[in-house]
Amino acid sequence: MVLLQLSEPGESPDPHQKRLGVGIDLGTTNSLVATIRHSIPECLPDADGRALLPSVVRYFRDGEPVVGADALMAQVLDPRNTIASVKRLMGRGLADTDAGMRARYDLVDCGGGMVRLKTAAGLRTPVEVSAEILQALRARAEDTLGGDIEGAVITVPAYFDDAQRQATKDAAKLAGLNVLRLLNEPTAAAIAYGLDEAAEGIYAVFDLGGGTFDFSVLQLSRGVFEVKATSGDSALGGDDFDESLWLWLQEQVKGVDLDCSSSRALLAEARRVKEALTTEDSVIATVPIAADGVREVKVTASQFQTLTQSLVDRSLLPVKKALRDAGYSPADIQAVVLVGGATRMPHVRSAVERYFGRPPFTDIDPDKVVAIGAAIQANVLVGNRRADEDWLLLDVIPLSLGLETMGGLTEKVISRNSTIPISKAQDFTTFKDGQTAMAIHVVQGERELVQDCRSLARFELRGIPPMPAGGARIRVSFQVDADGLLSVSAQEQTTGIESHITVKPSYGLSDDEIATMLRAGFEHANTDMKLRALREHSVEAERLIEATRQALGEDAHLLDADERTRIEAAISVLTGLLSGTDADAVKSAVDALSAVTGEFAARRMDQAIRKALTGNRVDNLSV
Amino acid sequence: MPEYYSLFGLPERFAQDLELLDAAYRKVQAQVHPDRFANRPEAERRVAMQWATHANEAHSTLRNPISRAHYLLERQGVRIDAERNTAMSPAFLMQQIEWREAVEEAEADKDALSRLHKDLGRDERVMVDDLRRALDEDKDLVLAAELVRRLMFMEKLRREIDDALAKMDD
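Heads up: the sequence lines are chains S and E, in that order. Its first residue numbered 1, the first sequence is counted upward by one per residue in the numbering used here. Its first residue numbered 1001, the second sequence is counted upward by one per residue in the numbering used here.
Pasting the structure below:
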């Protein structure tokens, strides 16, 4: 929260004043938290030395949920209340979930476009389940680093749509994290590799995780990571290999009915066999049979390969698509980086090697590389950029954004692989005389028919002045921010009367819902949340006051007398509250001061950017 | 926000060194990108996003020859109006029909489609050079506008062939 020091944006004003930023890889199977300590990025282990936190949450009728290895162990015992692979449900309605998840859990459609899980503790959204995982990682980081986390970079599959991104950001907020950025997983991996090797050229990242597949093509040149194209399959991952083997094993013991818990045990066994086949030629699988114990089934590596080759082939389709979009052939790619635990499977590796005609890079642990890249980014974003650390990331939007037009067709407004942030506007008109309202339906995807795309939001623009058909001019504007998140607004332009609405897509949680959940969480938690909140808000308040005073000292000429009075008043209200103990009052006074200084900060920023850009060269900017 | 050419400090003309453009774009993004302001108040982050959005729009407009010409013409008060103004020379109309027919005939023939794609690309390059002359040397804005409309048609056709080829790959 610094309003000053505009000469070198993002650079730490005081190198000794280190701020805590973490990178979090919120994975389908495992999650990790990493940070930079003594200039070296590292994944933080738990008390037992394990860096990977299984992304599993077990709920109880009473008491706090359990996250991680203990929950993982309980999944056979208590399969319905032990939620694994929740990432597959993020931002999804019941209709978009896969059969495996529907079979394993009690999924309920509660409206609002988002599925909920029925657990012993009551209904839980995938956002809440993910928040438990993030909360566990946050606690781990704070215990290890001995301080509050200033901000976090959370990674998401590059191919996540807007709904999935929004859900992830909501989960982080719910876990009390300040989200600095949502970072695409393959891009994070590229940062980890690129900065390590000071690479230049065209690179590809092949990222097969537990539940998602991403493929990105990047150009690295002079410290700029520029994503050229990305594609993927948000429902393809290591889980699917487990599932294929699980189905096959079930066939091998035909006639035996598996109950829920032995079915879950068999799924865990399938995963074990898959992992063992990475190094072994054959593995004996132990299939639980309810009545008479177990049956042993031999699985060879080549059987497993044949069984799952179609999944490997499926991963090559997005590869071709991204290369085509970027305008490259496989030979143009300087190196391919493998990311994600599922790329340990030998037939995945050999498929990649065959396609690109060269062995892929695997120097950094494929389970950790994403978290490490995120930590490097987080460290820079919290303001610990070293003077010589001058790199920039330019990412893209993975899927086209559009609007529904007549006849259920999609009109693309922003095409896939456009560099973000980006904004585009499109004009529409009324088709009936005297029409005063217009329905706007925002979709994401590449298909021509609206029904084949992902529906993001519906809203209605009202108050259009009655005009003959075709008379009104309605401008619909899309803005995608640096997190890849969309906001849409619409206004009628011809009459000068403006109707304006900004929507947040309907599947996400409203800010009020998040606030309610946070409060509920605080009431349950036995830690001194209130004190902690007061401390956090006070630190923020002091920073903001100091920054504002300094800004007033430097650039008071940007304000008129009225504005200045309002700012001074807000400062004195906040200063008065700092000696008290009311965290909520401090928070609202901080918000109030932020609000009255918002325009001032924007003017200073504008002035500084113009100055910085003009400083770059001889000629002046025309305004 | 400054207009696109002055944002990047480039001369306002059609002919551009794309490497210079890319380098200037990266330099601007390095100053304004929201990542440089991630730990700053909301108001500053919003301004950074607006600048970065503007820089992306400027870069993508200037990088593509058709949108670059479009932008140049609009700055000189010439509207392209591709949807309403479809008047083109009879020779070009004939050429359009021939291309369309060729694409229909090639339908599922990958080699024939690839050949057409290549031919179109070559014709486009010739036309882009005509466009450069019309804009930078002859200052013939009427001709330039017509060339832009033709190129828009050709680009659209080439995209359709791209899509057809992509579908065959899958």
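For each residue, glycine too, the CB sits at the ideal point set by N, CA and C.
Asked: Using the three-state DSSP reduction, which class does Arg473/S fall into: helix, strand or coil?; Found: coil
Asked: Might you give, ordered along the chain, the residues of its own chain that have their beta carbon closer than 8 Å to the beta carbon of Ala1038/E, omitting 5 neighbours on each side?; Found: Arg1045
Asked: Along the beta strand (DSSP E) that carries Cys43/S, what are the first and last residues, could you check?; Found: 40-43
Asked: Thr565/S: buried (16+ other C-beta within 10 angstroms of its C-beta) or exposed?; Found: exposed
Asked: Alpha helix (DSSP H) containing Asp1119/E: first to last residue?; Found: 1110-1132
Asked: Which partner residues of His441/S appear in the DSSP bridge assignment?; Found: Arg458/S
Asked: I need the boundaries of the alpha helix (DSSP H) containing Arg1100/E, first residue and last residue.; Found: 1090-1106
Asked: List, in chain order, every chain S residue whose beta-carbon is nearer than 8 Å to that of Val1034/E.; Found: Correcting the residue type first, residue 1034/E is Pro in the shown sequence and not Val. Within chain S, the residues near Pro1034/E are Pro421, Asp481, Ala482.
Asked: Quick one: which chain S residues come within Cβ less than 9 Å of Glu1169/E?; Found: Strictly speaking, residue 1169/E in this sequence is Asp, with Glu absent from that position. Here the neighbours are Leu317, Lys320, Lys321, Arg324.
Asked: Which first and last residues belong to the alpha helix (DSSP H) in which Arg138/S is found?; Found: 126-145
Asked: Using the Cα positions of Ile36/S and Asp365/S, report the straight-line distance between them to the nearest angstrom.; Found: 17 Å
Asked: Candidates Asp46/S, Thr494/S, Gly211/S: which alpha carbon is nearest Ala139/S's?; Found: Asp46/S
Asked: Helix, strand or coil for Val156/S, going by three-state DSSP, please let me know.; Found: strand
Asked: Does the distance from the CB of Val66/S to the CB of Ala84/S come in under 8 Å?; Found: no
Asked: Rank Ser455/S, Thr430/S, Thr362/S, Cys110/S by C-alpha distance to the C-alpha of Pro346/S and give the top, closest one.; Found: Thr362/S
Asked: Chain E beta carbons: is any one of them nearer than 8 Å to that of Leu44/S?; Found: no
Asked: I want to verify the contact list: residues of chain E whose CB lies under 7 Å from the CB of Leu394/S, in sequence order.; Found: Gln1029
Asked: What residues in the stretch 169-181 of chain S bring their beta carbon closer than 8 Å to a beta carbon of chain E?; Found: Leu180, Arg181
Asked: Which one of Pro466/S, Leu574/S, Ala71/S has the shortest CA to CA distance from Ala136/S?; Found: Ala71/S
Asked: Less than 8 Å between C-beta atoms, sequence neighbours within five positions excluded: which residues of the same chain meet that for Ala585/S?; Found: Leu577
Asked: Is there contact between the stretch 206-226 of chain S and the stretch 300-307 of chain S, where contact requires at least three CB pairs shorter than 8 Å?; Found: no
Asked: Assuming the contact rule is C-beta atoms closer than 8 Å, Leu381/S and Val33/S should be a hit. Round their C-beta distance to whole Å, please.; Found: Contact doesn't hold; Cβ gap of about 15 Å is too wide.
Asked: Below 8 Å on C-beta distance, what does Ala602/S contact in chain E?; Found: Ala1043, Glu1044, Arg1046, Val1047
Asked: Go ahead and pull the three-state DSSP assignment for Phe241/S.; Found: helix
Asked: On the DSSP letters alone, give me the boundaries of the beta strand (DSSP E) that Glu492/S sits inside.; Found: 486-492
Asked: According to the Cβ coordinates, are Val476/S and Phe431/S closer than 8 Å?; Found: no
Asked: So Pro1065/E and Leu1131/E are supposed to be a Cβ contact under 8 Å. How far apart are they, rounded?; Found: 7 Å
Asked: Let me see if you follow: with CB-CB separation under 8 Å, is Met90/S close to chain E or not?; Found: no
Asked: Is it buried or exposed, Tyr1004/E, if we count other Cβ atoms within 10 angstroms and call 16 or more buried?; Found: buried
Asked: Please confirm if Trp1099/E has its CB atom under 8 Å from at least one CB of chain S.; Found: no
Asked: Which residue from Ile545/S, Ala533/S, Leu552/S puts its Cα closest to that of Lys587/S?; Found: Ala533/S
Asked: Buried or exposed, going by whether 16 or more other CB atoms sit within 10 Å of the CB of Arg1013/E?; Found: exposed
Asked: Checking the sheet assignment: what are the DSSP bridge partners for Tyr203/S?; Found: Leu218/S, Ala335/S
Asked: Please go through the same chain and pick out, in chain order, the residues whose beta-carbon is closer than 8 Å to the beta-carbon of Gly471/S, but skip the five residues on each side of it.; Found: Thr429, Thr430, Thr494
Asked: Within 8 Å (strictly less), CB to CB, does Asn1039/E reach chain S?; Found: yes
Asked: Could you name the residues of chain E that Val224/S contacts, counting a contact when the two beta carbons are closer than 7 Å?; Found: Arg1026
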